[in-house]
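For the sequence shown, the residue numbers in my numbering are 9 to 293.
A short worksheet on the structure shown next.
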Amino acid sequence: MEAPRYCYRHPDRETGLSCSECGRPICYECMTPAAVGLRCPDHSGKAQGVQKVTRAVTRAGERRANLVTLVLIGINVAVAVVEFASSSSSSFTNNSIFEKGALFATGFVDANGNPLGVAHGEWWRMGTAMFLHASFFHLAVNMYSLYFVGSIMEQVIGRWRFLALYLASGLAGSAGALYLSPLSPTVGASGAIFGILGGLLVLERKRHIATGGQVAGLIVLNLVITFAFASTISVGGHVGGLIGGIALMWAMLKFRQSTLLTVASVAALVVISFAVAYVKVRTYQ
């Protein structure tokens with residue numbers, strides 16, 4: 009595996025970005041979007057030759073694998089396999105893992121008649137639900153989406169920030185799902201994936217990535233699908249994750265020179281997510 013690369017101006021910041029003029033690694037604070045590729049501060053005003061751009065694209069393709077994205081996909085797939093193997097039928101939902109990990113406020117009981125749900129103190133469901141899925145199709149769609157958007161985000165903001173964005177947005181999605189549909193069992197990584205899309209939207213609008221508006225279009229398309237199939241898709245999970253991702257990415261950009269304030273922003277989103285969920289589920293306690 010290729011060794012991690014760090015910004016030549018900020019040696020403490022891991023990055024997957026490179027200057028298309030000189031090839032040196034740069035973080036998202038140091039990069040300047042150009043007509044083709046990205047530029048470091050030393051070359052942000054210089055014209056690029058075709059051969060140099062081509063070499064830069066080749067180097068980009070040879071970068072290390074997006075480790076966090078692949079690990080997250082691996083965890084989701086592994087959990088799905090265990091779900092399927094432990095089920096008494098072909099369903100992903102007829103097993104103890106789903107019973108103990110799916111997200112809902114109340115309305116279900118275990119084999120002994122004890123009430124289940126977040127309203128009864130099972131707050132871990134806000135986190136476990138984002139690693140569970142209802143079917144192979146559900147898993148496949150989410151993992152393809154995660155690989156596509158996660159790989160981009162991980163390269164732009166680095167591994168630990170990407171992981172923080174993913175998990176915190178997933179919790180925001182869980183809060184949204186509990187707020188809008190507290191009695192419906194919800195599972196899936198889509199809340200976290202919408203959070204990544206929200207983060208990419210902020211990067212797109214702030215001109216940190218050049219996509220020609222593709223991210224905004226992708227979000228609109230997915231929201232249309234979400235509302236069109238609201239009876240089977242968690243509207244709250246998707247919208248909550250999207251809002252969480254937008255807010256956190258904005259904070260990450262604002263506080264990009266301070267690791268402490270970035271961590272504080274992540275913690276703030278987590279606290280707000282649990283607070284929103286508490287306001288909703290306390291009525292069922």
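Quick reminder that beta carbons are idealized off the backbone N, C-alpha and C, glycines included.
A quick note: this is a predicted structure, and the numbers were derived from the prediction, not measured.
Would you identify the three-state DSSP class for L111, choosing helix, strand or coil?
Note: L111 maps to strand in three-state DSSP.
Out of curiosity, what's the CA-to-CA distance linking Q215 and M39?
Before going further, note that residue 215 is Arg rather than Gln in the sequence given. So the two alpha carbons sit approximately 10 Å from each other.
Cβ neighbour criterion (16 or more within 10 Å) applied to Y174
That one is buried.
If I'm right that G184 touches L140 with Cβ under 8 Å, what's the distance once you round it to whole angstroms?
L140 and G184 do not touch by the CB rule: their CB atoms are close to 17 Å apart, not below 8 Å.
Simplified DSSP state of N100, which is helix, strand or coil
Before going on, a small fix: residue 100 reads as Phe here, not Asn. Looking at F100 - three-state DSSP - the assignment turns out to be coil, as it is neither helix nor strand.
Could you tell me the distance, in whole angstroms, from the CA atom of N230 to the CA atom of A224?
Rounded to whole angstroms, N230 to A224 spans 10 Å at the Cα level.
Can you give me the start and stop residues for the alpha helix (DSSP H) that W313 sits inside?
For the chain, the structure presents residues 9 to 293; residue 313 sits outside this window and is missing.
Look at the alpha carbon of R213 and the alpha carbon of R13, and state the distance between them as a whole number of angstroms.
In a straight line, the C-alpha of R213 is about 26 Å away from that of R13.
Which residue marks the beginning of the alpha helix (DSSP H) containing Y286, and which one marks its end?
Where Y286 is concerned, the enclosing alpha helix (DSSP H) stretches over 267-289.
Separation of Q163 from V61, as counted between CA atoms:
Confidence at V61 is low in this model, with a pLDDT of 31, below 50, so the placement of that residue is unreliable and no value is reported for it.
Using the C-alpha atoms, what's the distance from I105 back to S94?
Cα to Cα, the separation comes out at about 8 Å.
Just the C-alpha distance for R21 and C48, rounded to the nearest angstrom, thanks.
For R21 and C48, the gap between their C-alpha atoms comes out near 15 Å.
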